[in-house]
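*Asks:* Quick one: this structure, given as structure tokens, is what I'll be asking you about.
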Amino acid sequence: MSGQSLYRHLRNWYRVGLRDGWAQLNEWVDVKAGRLAGTDKFGNRYYENLEEEMPEVPWRQRWVRYAQEAPLENASQVPSEWHAWLHHTRLNAPHEDEVVKKITAQTQHWRPAETHVENLTGTRGAFTTYNTTAPKLYPWQPKVAQRQ
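In our numbering, the protein residues as written are 7 to 154.
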């Protein structure tokens, strides 16, 4: 850890406080400080740090704190409009972006925050197909004759 990153680390710890700093350190092995950009309907909080004096690592100025704790957190819990903001496709957060507001207001059937479903692979809610074809192989069934 270089001196500059140590300074950034301690400065961010001072800004977020001991309790939140310790939680971030255990969760991410880093302490980040920034402004709250918004919250989605699932309770995920999105942050942004655009400091000029000592910026974060390039392309790591935006991050999400999931509402669910590890190991239940999953990147598929991020709705599409927030995903675009996190990956710098959109400049402004969805509630500040005029294009997203305009599309949402004009089109009644396009409601990304209401229709978003996280990926349920590996859980009880995962999609499984119903097989209607007859099996090609049958398990061996022993035939036992009656004793005389």
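Idealized CB from N, CA, C, for every residue including glycine.
Owing to the predicted nature of the structure, the values given are computational and were not obtained by experimental measurement.
1) Name, in chain order, the residues that DSSP records as bridge partners for Trp28.
2) To the nearest angstrom, how far is it from the Cα of Arg25 to the Cα of Trp19?
3) Within 8 Å, do at least three Cβ pairs link the region 62–71 to the region 31–51?
4) Please identify the residue among Ala73, Val150 and Trp34 whose C-alpha is closest to the C-alpha of Thr45.
5) As a quick exercise: from His94, Trp91 and Glu87, pick the residue whose alpha carbon is nearest that of Ile109.
6) In the region 84–145, which residue ranges form an unbroken beta strand (DSSP E) of at least 3 residues, counting only runs that do not cross its ends?
7) Taking DSSP as the reference, what is the three-state secondary structure of Val150?
8) Using three-state DSSP, classify Glu54 as helix, strand or coil.
9) Is Trp69 helix, strand or coil by DSSP?
10) Flag this pair as yes or no: are the beta carbons of Ala43 and Glu54 separated by less than 7 Å?
11) Using CA atoms only, rank isn't needed, just tell me which of Glu104, Arg130, Tyr136 and Ala81 is closest to His122.
12) Hey, Gln83 and Glu33 are a contact pair by Cβ (cut 8 Å); roughly how many whole angstroms apart?
13) Could you tell me the distance, in whole angstroms, from the CA atom of Thr129 to the CA atom of Leu78?
14) Taking buried to mean at least 16 other C-beta atoms within 10 Å of its own C-beta, is Gly27 buried or exposed?
*Replies:* On the basis of the data shown:
1) In the DSSP output, where bridge partners are listed per residue, Trp28 has none listed.
2) 9 Å
3) yes
4) Ala73
5) Glu87
6) none
7) coil
8) strand
9) strand
10) yes
11) Ala81
12) Cβ atoms of Gln83 and Glu33 stay farther apart than 8 Å, at about 15 Å.
13) The alpha-carbon of Thr129 is positioned some 10 Å away from that of Leu78.
14) buried
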